[in-house]
Amino acid sequence: MLNVHNLSVSFMGTDLFSGITFKLNKGDRIGLIGKNGAGKSTLLKVLSKDIETSGGTMAFDKDVRMGFLRQDIDFVEGRTILEEAYQAFEEIKEIELKLDEINNQLATRTDYESEVYSQLIIDLTDLTERYELLGGYNYQGDTEKILQGLGFQREDFDKLTDTFSGGWRMRIELAKLLLQDNDILLLDEPTNHLDIESIIWLETFLKNYSGAIVLVSHDKMFLDNVTNRTIEISLGQIYDYKKPYSQFLLLRAEIKEKQLQAQKNQEKEIKQKQHLINKFKAKASKASMAQSLMKQLDKVELIEVDQDDNAAMNIRFAISKEPGKIVVEAENMSKSYGDKHVLENVDLLIERNSRIAFVGQNGQGKSTLAKMMVGDIPFDGHLKLGHNVEIGYFAQNQSEHLPPEQTVLQIMEDAATDSNRARVRDMLGSFLFGGDAADKKAKVLSGGERNRLALCKLLLSPFNVLIMDEPTNHLDIASKNVLKQALKNFKGTLILVSHDRDFLQGLTDTVYGFKDKVIKEYLGDIDYFLEQHKMENLREAEKKTVVKVDKSSSKKDACQLSKADEKELKKLKNKLSKIESEIAKLESEIEKTDLELAQNYDEVSARPNFFENYKAKKATIDTLMEDWEKVEEQVSAIS
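Going by our numbering, the residue at position 537 of the sequence shown is 548; the numbering climbs one at a time, nothing skipped.
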């Protein structure tokens, strides 16, 4: 489909990359990876012919259609979401106009025997056949499916695109690309503005895509689930392996180890020959042997070891002071934007050292609640910060508000205080802005570099509660790993709004799920949330009809519960959920063990303390069941 040979791109006389050669075949799903600034987005722009190369060739198969999802897009104002999405079907829309015109003429003309009328009939037949071939009778249904898969609701379809944020517009652009019959898809960070459900949907779509895909992403799980080949750009060169990301890392390490061993052996051989040359060249009788050895050395091709760009951020989040036990307490918080109610009657009680993830579809209020907690936006209800609480806040679009004409150093110095201004250059060095990089203007920084600068700027203010809204957008995988480790080591209270499943794993122990203006607490990590959420969605799908419950017959109306009862009820339900999770986990383990016993009894039963452990698990289940019954009785007594 595409042959790239000896490709080079230079900016102001400096090579971004050079001598790149690879082939793109049908069915290839390539993950294009590398550090921020390595040239990933630039390579996509070269492949799409948005920018010219400095050297080399690109040969495309005849009639290859290519779609490119750029990070920066422009929209025509005044179109609805459906109208914008239908732009993917340019030829179909043109045929529809022609068919309307022909049908109008056929309805009004009476010269049935004329050549013009006959030609109209012929044109109608030809256009109808072409319309059917292009999928004209299915494109509207396909469009609605794609839009819904990407998180849009049916009631959104007739709204103007002007009323949606840049992230939602990006989804519309992605929908248009997925609807087109492209042979090659170029996707530049397609998951940046998607929630977890939409990412999972996109993974399934791309895995079934028959053409070729080249995508830039820093989402390890997304890369592993979608790609079957990895191309890394590092220090101006590429490394190409037919493996998804995690397997590529292992293979790359193995190959480098072999290269190092081969280089070591070669250096030893060269050293031995050089020793013989020095020994023989002074003796006339051995001069010919020395000459022969020298010729052998001249022909040796030195083994090179792939170079790694190991530069990484150095982050440490320190708490400013010890806060009180309760860091955030809120009652009846609500937020509306005009007629749109985002959150209603939210109660929160967040204790010191909590580690919480905000998860849910876009538009459900995750970022809104974060802004309410830091006082960025007005709201209804009450919110109180605890004793000594100091909040550090990383906003989702924080990097977009960096003054474009100021340098990295100027931005940091303007935000610094007298106590930390002297450390600004050291801090910038820790975030890979050492030397001349500190004099770069913000407008020339890549998305990842801007995020790194925003993170560095965050550290200029003291905090013991850290609220981060999509901190990993645009960050390369190495930087994300460093950030994740820094957050693991953070001793304060952490609240993360993120769609990156891999990043969230191991960082939080509680998930707040946002849906339909309500927040539900899940006492577990992101994997537990996804498992529970999937089950809830399945149960929802199984409901054939909506059953209206007559609340008058209940012992207590929910609205009559006291605040103390509501809190106690919430606590008990969380406890129930945790017990159910533990029971399910143990039952799964026992079921797996029973299967192993059935297949190989002697080997399994011979394991040390096997039967003691087996009985202990069953006893634990019995205890948990008793606990469940007690808690359930308490719940019934309150509600």
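C-beta: ideal position from N, C-alpha, C; glycine also.
In this structure, how does DSSP classify residue 62 when only helix, strand and coil are distinguished? coil
Taking just the CA atoms, how far does residue 578 sit from residue 533? 15 Å
First and last residue of the beta strand (DSSP E) that includes residue 524? 521-526
For residue 559, name the three-state secondary structure that DSSP assigns. Only weak support exists for where residue 559 lies, its pLDDT of 36 falling under 50; the value from the coordinates is given anyway. Of the three classes helix, strand and coil, the one that applies to residue 559 here is coil, per DSSP.
Using the C-alpha atoms, what's the distance from residue 619 back to residue 471? 55 Å
Could you check what DSSP says for residue 32 in three-state terms: helix, strand or coil? strand
Which listed residue (358, 362, 389 and 354) has its alpha carbon closest to that of residue 377: 354
For residue 326, decide whether its Cβ has a neighbour in chain B, counting only Cβ atoms nearer than 9 Å. Here chain B cannot be found, since the structure has a single protein chain.
Boundaries (first-last residue) of the alpha helix (DSSP H) holding residue 624: 621-649
For residue 97, count neighbouring Cβ atoms within 10 angstroms of its own Cβ and tell me buried if that reaches 16, exposed if not. buried
Going along the chain, which residues of its own chain have a beta-carbon closer than 8 Å to the beta-carbon of residue 19, five neighbours each way excluded? 26, 28, 29, 30, 31, 64, 65, 66 and 67
So, residue 100 versus residue 147, is the Cβ gap smaller than 9 Å? yes
Among 409, 529, 522 and 81, whose alpha-carbon lies nearest the alpha-carbon of residue 588? 522
Do residue 162 and residue 335 have their C-beta atoms closer together than 9 Å? no
Secondary structure at residue 438, three-state DSSP: helix, strand or coil? helix
With 16 other Cβ atoms within 10 Å as the buried cut-off, status of residue 463: buried
Below 6 Å CB to CB, which residues in the same chain sit around residue 420 once its five sequence neighbours on both sides are set aside? 449
For the putative contact between residue 42 and residue 245, defined by C-beta atoms under 8 Å, what is the C-beta separation to the nearest angstrom? Not quite, the Cβ-Cβ distance comes to about 14 Å (not below 8 Å), so this is no contact.
Taking 6 Å as the limit between beta carbons, can you name the residues of its chain near residue 198, skipping five residues before and five after? 80 and 226
Which one or two residues does DSSP pair with residue 195 in a beta bridge? 77 and 223
By how many angstroms is the C-alpha of residue 239 removed from the C-alpha of residue 144? 31 Å
Cβ-based neighbour list, residue 501, same chain, cut-off 7 Å, excluding 5 preceding and 5 following: 328 and 477
Rank 490, 363, 438 and 185 by C-alpha distance to the C-alpha of residue 401 and give the top, closest one. 363
Quick check for students: name the residue ranges of the alpha helix (DSSP H) that lie wholly in the segment 330-374, counting only runs of 4 or more. none
With a CB to CB cut of under 7 Å and the five nearest residues on each side skipped, what residues in its chain are close to residue 390? 344, 345, 346 and 383
Closest by CA to residue 34, which one among 51, 16, 233 and 48? 16
If you draw a straight line from the alpha carbon of residue 138 to that of residue 169, how long is it in whole angstroms? 28 Å
I believe residue 256 touches residue 263 by the beta-carbon criterion, under 8 Å. Please report the beta-carbon distance rounded to the nearest angstrom. That belief does not hold up - the Cβ atoms of residue 256 and residue 263 are roughly 10 Å apart, past 8 Å.
Cβ-Cβ distance between residue 465 and residue 417 below 9 Å: no
Determine, using beta carbons only, whether residue 194 and residue 332 come nearer to each other than 9 Å. no
Who are the Cβ neighbours of residue 526 in its own chain at under 8 Å, not counting the five residues just before and after it? 371, 372 and 375
Could you tell me which residues DSSP puts in a beta bridge with residue 240? 41
Take residue 311 as the anchor and find which of 599, 496 and 278 has the nearest alpha-carbon. 278
Per DSSP, which residues does residue 106 bridge with? Please list them. Bridge partners of residue 106: none, in fact.
Taking just the CA atoms, how far does residue 74 sit from residue 248? 30 Å
So for residue 21, helix, strand or coil by DSSP? strand
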